[in-house]
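Chemist: Numbering (the numbering used here), first residue to last: 356 to 492.
The beta-carbon is built from N, C-alpha and C at its ideal position, and this holds for glycine as well.
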Amino acid sequence: MSPPEFNAIEKARIITYDTEKVIKKLKITEDSISKEISKYMATYNNEMNNLLLLHSKTLADLEKEFDKNVKIAIQNRDRSQMSGMKIKIKKIIPPIRYEVFEHEKVLNEALESILTEKQNNKWLKYQKQHNPNSTTF
356 MSPPEFNAIE KARIITYDTE KVIKKLKITE DSISKEISKY MATYNNEMNN
406 LLLLHSKTLA DLEKEFDKNV KIAIQNRDRS QMSGMKIKIK KIIPPIRYEV
456 FEHEKVLNEA LESILTEKQN NKWLKYQKQH NPNSTTF
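Dropping the structure here:
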């Protein structure tokens, strides 16, 4: 049995979007709207990169500690080792996830103001596919 995978960045929901794919997916034809979308996406992606830079050491340490505890738990056949790890994960990940959620909310509000209802629904659907838990904290 292989140990469970844990990707702290994924759990914190820190993702960036490919602007060209988004514009293509939403079928944006007007240059002015596509420039605005590019501007908002670039801002969002920069914020995500800043969050990643800010929290990368913490998240990497969390992954290393998780892997170490999983190996110990498997060797000892004792899962009690993991309960402390769960508490630590629940302490570290939610504040980062909340920051991501706030930036997503700003992005969604900005896009909602420039997109048609149909395009906005496509965006929300794309966002949900790209990050299944993106609209929930």
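1) Compare the beta carbon distance of Leu466 and Asn476 with 9 angstroms and say whether it is the shorter of the two.
2) The alpha helix (DSSP H) that contains Glu493, what's its start and end?
3) Counting only C-beta atoms, is Phe421 closer than 9 angstroms to chain B at any point?
4) Please classify Thr371: does DSSP put it in a helix, a strand, or coil?
5) For the alpha helix (DSSP H) containing Ile429, list its first residue and its last residue.
6) Tell me whether the beta-carbon of Ala367 lies closer than 9 angstroms to the beta-carbon of Ile442.
7) Tell me the DSSP secondary structure of Ile378 in three-state form.
8) Starting from the Cα of Phe361, find the closest Cα among Ser435, Leu406, Leu414 and give me that residue.
9) Determine the DSSP secondary structure at Ile383, reduced to helix, strand or coil.
10) Would you decide whether Lys483 is buried or exposed? Buried here means 16 or more other CB atoms lie within 10 Å of its CB.
11) State buried or exposed for Thr490, treating a residue as buried only when at least 16 other CB atoms are found within 10 Å of its CB.
Modeler: With the structure as the only source:
1) On the sequence shown, residue 466 is found 111 positions in, with the first residue counted as 1. On the sequence shown, residue 476 is found 121 positions in, with the first residue counted as 1. No, these two residues do not count as a Cβ contact at 9 angstroms.
2) Because the chain here runs from 356 to 492, residue 493 falls outside it and cannot be looked at.
3) Protein chains in the displayed structure number just one, and chain B is not present.
4) Within the sequence shown, the letter at position 16 stands for residue 371. Reduced to three states, the DSSP call for Thr371 is coil.
5) On the sequence shown, position 74 is the one that residue 429 refers to. Element bounds for Ile429: 386-431.
6) Counted from its first residue, the sequence shown places residue 367 at position 12. Counted from its first residue, the sequence shown places residue 442 at position 87. No, the Cβ-Cβ distance between Ala367 and Ile442 is not below 9 angstroms.
7) Taking the first residue of the sequence shown as 1, we reach residue 378 at position 23. The answer is helix: DSSP assigns Ile378 an H, G or I state.
8) Against the sequence shown, residue 361 aligns to sequence position 6. Measuring from the Cα of Phe361, the nearest candidate turns out to be Leu414.
9) In the sequence shown, counting from the first residue as 1, residue 383 sits at position 28. Residue state, collapsed to three classes: coil.
10) For this step, residue 483 is matched to residue 128 along the sequence shown. Looking at its Cβ environment, which holds fewer than 16 other Cβ atoms inside 10 Å, Lys483 is exposed.
11) For this step, residue 490 is matched to residue 135 along the sequence shown. Its pLDDT being 48, under 50, Thr490 is placed unreliably by the model, and the measurement read from it follows with that caveat. Its Cβ having fewer than 16 others within 10 Å, Thr490 is exposed.
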